[in-house]
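Only one structure is covered here, and it is reproduced in the block below.
Residue numbers (this note's numbering): 65 to 271.
Structure follows, in structure tokens:
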């Protein structure tokens, strides 16, 4: 699996903890930013939500690990876009159930609130459980078929209720799109992957 890690400004100092927690799980991890505090342009959860949606819709990554101080801002930001199913994950049990029941492609972590002693260990346990089960299989056993049907219905609703990602990019105001396009290395991540949607990449470059 190809996983992008994206931190907004208030949680930039957690970037190293997330990378360390994902290490050794056998996935390709792309550190899309913010990689440390003080980087420019500074990315709020508004910007990181867009970054996550671009990477997922372009097919550049399979999964995004994001978050913010509480996890709520990034969750609400990324869910404004098509092709994203995001869970607010606080505990390893949240992660285990989200993977099986919702089969999502994005998680939002609470990276400042209640992030205290052994917070980095909790991250490790979260990722171990998140990627330990078959995504979207369903739980418990007698609810599998109903949950799989609900996942498909939700996907179809998202297609109906959202614009195409390229059309969205073309309509975004400069204060949202420019920090994303200008963030060091972000366009290069898209350009370096052969399966990235060329139309989405072109729309970003034109913005």
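Glycine included, every Cβ here is placed at the ideal spot set by N, Cα and C.
- The Cβ atoms of residue 111 and residue 243 lie closer than 8 angstroms to each other.
- In summary, residue 160 is buried, with 16 or more beta-carbon neighbours lying within 10 Å of its beta-carbon over all protein chains present.
- Counting along the chain, the unbroken beta strand (DSSP E) around residue 66 starts and ends at 66 to 70.
- In the three-state reduction of the DSSP assignment, residue 96 falls in the strand class.
- At least 8 angstroms separates the beta-carbon of residue 132 from that of residue 143.
- For residue 162, the secondary structure class from DSSP, reduced to helix, strand or coil, is helix.
- Per the C-alpha coordinates, the member of 108, 185, 72 and 180 positioned closest to residue 84 is 185.
- For residue 135, no beta strand (DSSP E) segment is defined, and its DSSP state is neither H nor E.
- Annotation for residue 241: 114, 233, 268 and 271 place their beta carbon closer than 8 angstroms to its own, counting only its chain and skipping 5 residues before and after.
- Within the DSSP secondary-structure output, residue 174 pairs in a beta bridge with 132.
- Distance from the CA atom of residue 253 to the CA atom of residue 94, rounded to whole angstroms, is 8 angstroms.
- Nearest C-alpha to residue 218 among 174, 208 and 148: 148.
- Taking the Cα positions, residue 100 is about 15 angstroms away from residue 250.
- From the listed residues 216, 76, 123 and 81, the smallest Cα separation to residue 105 is found for 76.
- For residue 227, the secondary structure class from DSSP, reduced to helix, strand or coil, is coil.
- If the five residues before and after residue 188 are omitted, its C-beta is found closer than 6 angstroms to the C-beta atoms of 85, all from its own chain and listed in chain order.
- The beta-carbon separation of residue 135 and residue 172, rounded to 4 angstroms, stays under the 8 angstroms limit for a contact.
- Separation of the CB atoms of residue 167 and residue 200 is rounded to 3 angstroms, and the pair is thereby assigned contact status at 8 angstroms.
- If you compare the alpha carbons of 158, 206, 117 and 164 with that of residue 261, the shortest gap goes to 117.
- Looking at the DSSP output, residue 153 bridges to 173.
- In terms of Cβ geometry, residue 67 and residue 92 form a close pair [threshold 8 angstroms].
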